[in-house]
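Residue numbers (this note's numbering), protein chains in the order written: chain A, 25 to 376; chain B, 25 to 376.
Glycine included, every Cβ here is placed at the ideal spot set by N, Cα and C.
Have a look at the structure below before the remarks.
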């Protein structure tokens, strides 16, 4: 017999991208930032004292909230800190959804959303994107209580303009919370953060993993009006962010100069890599994230993925019907991207 | 209107103990270890590199699991790492309980359990302890799917012998998981960890917050048979433990020599403080934790709590009917305990 709830017994857990232990591989599979975090982060970590570890941390991570609020032009009461952006997604599904209160999102998108729905035993309404990843009109009539739009979207890297998401928030008012997952927004040209001032039903999710090179730290935050933040706090673990993570994330977000330079480097490489992949015959979606979604028609994407793996280069491939002809490739350093392009040239020429 | 589920809308969040920002207060209210963590922990933290922060951490925190498995004489497959023990409680309630699958636990106990039940919208069956905090026989017939016993119990500090919990596990087999919350077991004389080898339905919860002086780090772990661990992994956040916390917690658990000396110091102070409180006229429960549960009949516990606060000494008081005549006092350093005793002498003599 199983002690687990039926929905848990039946479900498979989320499958995170492969994390090779060998530091020598070219790792372009889980969208880590290829450049190191600000030196201020390591300084903050080295200054941690035994006394800070001995005591419980600040439950609401006030130091970070104050710093982020100032940068965003909001109040600390608009911000909730989480142990990685995934925790906020988990909390939102838990706070709003159940068997009679569905979750909705366009697909293909971040593959954690359906896993969270299974965990919560709530219906997941999946509305397909069109080929250009435009916002599906049907999201409005989905009758969900929580609507998630990943923007820039993973794995496509595409964006939906702020005006369209503002319109969606307006149409969903009184019916559904609109959670805009901006995990990759640091690499885009615009954010929807100002929508939280106008719409009572908008939550913005931010992550320190990508733009701030801190995937190993687990730190993210949610932005919304005070009333939504208060409700989300009820399902928050009391001390979800640890003392070191709070200090490190605060140091990172305060160093906006370093951050902006880092982002520019990635945007430059993104442009270069897009050009090179296109020259090789890939169709590359216009990306506003730190990865590219690339389609190749002359060989199976899975074969290219396997051959790259054989050369110690990891990209992401999913065997799902709607995306199995594509690869998602993280924008790496110039050196990593060159290795990838050279390997792809070999693979393509051998097949030809 | 509210977008939140009805159970979330109605509930109040968990109220963590007050965390004063002034480092000068005598803080005996949230059971932190008064001594610093092993120097190996700070060394591990100072050795963290930007590369470790840039990449996602090991999803299962393998380094810690291997170290803990060796110390406990178990396999790494018996261990799941969590972002503080509270996360495991949260995951267990989520994995086993729902509207038709209740949670049961004896009371008074850790006040997070009913909050988690409200969050999950599952019935919480509370079985009162007797005056000596013996295991209530009614737990067996509660028809819960998850039974939690905090052992040593908070706030009483009392323990239930391993044999009685083995018997309970036996009787609950096929009906309920028995989660033994051993957050304070490092200060006790025996652990129930070996029960996981014999009983398919036992989960042991451990914390690095108390015994290892790492409340600020957020690191705990669960111990159970492989099948329960696999199921719990489905509701675990992929990267719930961060790279720094994994390195620090691993360094802490490996330094068993330092750990044992630290524990002995606290046990010695616990004995001394128990004697002094008894001399002052308090009735003190026999404690196997790093705190004392003390009853005073000549003055209201709330008044003593407030007067201590006026002297910058924080202990824990709850206005619940069954425990409002008692205070929970963390065992501090000799110096802190002396300050507490001197303050209590003053308070008592002024009232008399």
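{"Item": "Along chain B, in chain order, which residues have C-beta atoms closer than 7 Å to that of residue 264 (chain A)?", "Value": "107"}
{"Item": "Given 8 Å as the limit, is there contact between the stretch 274 to 281 of chain B and the stretch 268 to 288 of chain A, that is, 3 or more CB pairs closer than that?", "Value": "no"}
{"Item": "Do you know offhand how far residue 122 (chain B)'s Cα is from residue 255 (chain B)'s?", "Value": "16 Å"}
{"Item": "Along the chain, where does the beta strand (DSSP E) that runs through residue 246 (chain B) open and close?", "Value": "244 to 247"}
{"Item": "Under DSSP, the alpha helix (DSSP H) around residue 88 (chain B) begins and ends at which residues?", "Value": "86 to 96"}
{"Item": "Give the interface partners of residue 339 (chain B) over in chain A, defined as CB-CB distance under 7 Å, in chain order.", "Value": "Those do not exist, as residue 339 (chain B) stays about 16 Å from chain A at its closest Cβ, beyond 7 Å."}
{"Item": "Please return the same chain residues whose Cβ sits closer than 7 Å to the Cβ of residue 118 (chain B), not counting the five positions on each side in sequence.", "Value": "144 and 259"}
{"Item": "Buried or exposed: which applies to residue 15 (chain A), given that a residue is buried once 16 or more other Cβ atoms fall within 10 Å of its Cβ?", "Value": "The requested residue 15 (chain A) does not occur in the structure, where chain A is confined to residues 25 to 376."}
{"Item": "Which full runs of the alpha helix (DSSP H) of 4+ residues lie inside the stretch 320 to 349 of chain A, going along the chain?", "Value": "325 to 334"}
{"Item": "DSSP three-state call for residue 231 (chain A): helix, strand or coil?", "Value": "strand"}
{"Item": "Counting along the chain, where does the beta strand (DSSP E) carrying residue 130 (chain B) start and finish?", "Value": "127 to 131"}
{"Item": "Would a check of beta-carbon distances place residue 253 (chain B) closer than 8 Å to chain A?", "Value": "no"}
{"Item": "With residue 173 (chain A) as the anchor, note down where its beta strand (DSSP E) starts and where it stops.", "Value": "170 to 174"}
{"Item": "In chain order, what residues of the same chain lie with their CB nearer than 7 Å to the CB of residue 193 (chain A), ignoring the 5 residues before and after it?", "Value": "202, 219, 223, 225 and 226"}
{"Item": "Taking DSSP as the reference, what is the three-state secondary structure of residue 150 (chain B)?", "Value": "strand"}
{"Item": "If we call anything under 8 Å between Cβ atoms a contact, is residue 324 (chain A) one with residue 311 (chain A)?", "Value": "no"}
{"Item": "What's the gap between the Cα of residue 168 (chain A) and the Cα of residue 30 (chain B)?", "Value": "16 Å"}
{"Item": "To the nearest angstrom, how far is it from the Cα of residue 77 (chain B) to the Cα of residue 166 (chain B)?", "Value": "46 Å"}
{"Item": "Please classify residue 261 (chain B): does DSSP put it in a helix, a strand, or coil?", "Value": "coil"}
{"Item": "On the DSSP letters alone, give me the boundaries of the beta strand (DSSP E) that residue 203 (chain B) sits inside.", "Value": "201 to 205"}
{"Item": "Below 9 Å on C-beta distance, what does residue 352 (chain A) contact in chain B?", "Value": "Ordered by position in chain B, no residue passes the 9 Å Cβ test against residue 352 (chain A), which lies about 15 Å from the chain."}
{"Item": "Identify, in the order they occur along the chain, each residue of the same chain with its Cβ nearer than 6 Å to the Cβ of residue 272 (chain B), setting aside the five sequence neighbours on each side.", "Value": "65, 68, 69 and 241"}
{"Item": "Taking residue 287 (chain B) as part of the alpha helix (DSSP H), name the residues at either end of that continuous run.", "Value": "280 to 303"}
{"Item": "Would you mind sorting residue 95 (chain A) into buried or exposed? The rule is 16 or more other CB atoms within 10 Å of its CB.", "Value": "exposed"}
{"Item": "Could you give the distance in angstroms between the alpha-carbon of residue 238 (chain B) and the alpha-carbon of residue 74 (chain A)?", "Value": "8 Å"}
{"Item": "Can you say whether residue 214 (chain B) is buried or exposed, counting buried as having 16 or more other CB atoms within 10 angstroms of its CB?", "Value": "exposed"}
{"Item": "At which residues does the alpha helix (DSSP H) containing residue 371 (chain A) begin and terminate?", "Value": "358 to 375"}
{"Item": "Once DSSP output is grouped into helix, strand and coil, what is the label at residue 316 (chain B)?", "Value": "strand"}
{"Item": "Between the C-alpha atoms of residue 97 (chain B) and residue 262 (chain B), what's the straight-line distance to the nearest angstrom?", "Value": "26 Å"}
{"Item": "The alpha helix (DSSP H) spanning residue 106 (chain A) covers which residue range?", "Value": "Run containing residue 106 (chain A): none in the alpha helix (DSSP H); it sits in the beta strand (DSSP E), 103 to 106."}
{"Item": "Nearest to residue 266 (chain A) by CA position, among A:63, A:106 and A:27, is which residue?", "Value": "A:106"}
{"Item": "In the DSSP assignment, what are the bridge partners of residue 307 (chain B)?", "Value": "B:319"}
{"Item": "For the alpha helix (DSSP H) containing residue 58 (chain B), list its first residue and its last residue.", "Value": "Careful: residue 58 (chain B) lies outside any alpha helix (DSSP H) and carries neither H nor E."}
{"Item": "Specify the secondary structure class of residue 268 (chain A) as computed by DSSP and reduced to three states.", "Value": "helix"}
{"Item": "Report all residues from its chain with a CB closer than 6 Å to the CB of residue 250 (chain A); omit the five preceding and five following residues, and keep chain order.", "Value": "101"}
{"Item": "Against residue 119 (chain B), what residues of chain A qualify as contacts under a CB-to-CB distance less than 7 Å, listed in chain order?", "Value": "28, 29 and 32"}
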